[in-house]
Each structure stands twice: as structure tokens, then as C-alpha cells.
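Below is one structure, written out as C-alpha cells; the observations come after it.
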Amino acid sequence: MKLAYVDLCGFRGYRKRVRVDFAEDFTIVDGRNGVGKSTIFDAVEYALTGHLSKYKDAKADGETVANYIWWTGQGPAPIDRYVEAGFKD
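Letter by letter, the sequence shown follows residues 10 to 98 in the numbering used here.
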């Protein structure tokens with residue numbers, strides 16, 4: 010199986026819906042620091058496992074990583090909060 014797409018909304022830094030379709034051979038994800046490249050791959054991991062292993066049990070000021078999985082930024086909250094990954098043979 011190959012990863013076909015990741016579709017997310019309200020996940021980490023993405024308030025609005027974003028869908029990334031991966032090419033048949035390979036896909037290059039490019040951008041400057043802080044624009045959400047790693048979040049796309051975090052979303053794939055979250056869709057498959059239900060957690061983000063790179064953060065393990067990180068805690069600070071009584072909060073855990075779970076407090077930052079879903080979008081909590083300024084402005085209205087997203088209507089939907091989800092992560093979905095799709096595959097093809």
C-alpha cells in the first residue's frame with residue numbers, strides 16, 4: 010500500500026481544511042520554517058496510531074501534548090476537527 014492523501018482540519022496549526030494528495034512516485038514537501046510541513050506528517054502518524062510519538066509524554070505547566078493536537082489559536086474555532094489518511098494499492 011502507498012499513502013495516497015492526508016486530509017485534515019483543526020489539527021495543530023491548520024484551522025481550515027487542508028488536503029495533500031501524494032504523487033504516484035514521490036512528493037516533495039517544501040516551505041520555510043514554521044509553515045506546517047512537519048504537521049502534515051504528524052497528521053499521518055496521528056491518523057494511523059492516534060498519538061504523536063515524537064512528543065511522547067512531554068508535559069509543561071500541567072499541560073500535555075494532547076492540549077496541542079487540535080487547533081486552539083485565535084479566531085473562531087473550526088467547525089470540524091479531524092485527520093484522515095488514505096491509501097492505494
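Using N, Cα and C, we set each Cβ at its ideal position, and we do this for glycine too.
Please read all numbers here as calculations on a predicted model, not as lab measurements.
Reduced DSSP secondary structure (H/G/I, E/B, other) of residue i
i: T48; result: helix
i: T58; result: helix
i: K11; result: strand
i: A94; result: strand
i: V27; result: strand
Counted within 10 angstroms of its Cβ, other Cβ atoms place residue i as buried (16 or more) or exposed
i: F20; result: buried
i: L57; result: exposed
i: V38; result: exposed
Within 7 Å, strictly: CB atoms of residue i and residue j
i: A13; j: K97; result: yes
i: G22; j: G40; result: no
i: C18; j: R28; result: no
i: R24; j: W79; result: no
i: A94; j: V15; result: yes
Identified DSSP bridge partners for residue i
i: D16; result: R28 and E93
Review point. On the three-pair Cβ rule with 8 Å, is the segment 80–90 touching the segment 41–52?
Key: Too few Cβ pairs lie closer than 8 Å, so no.
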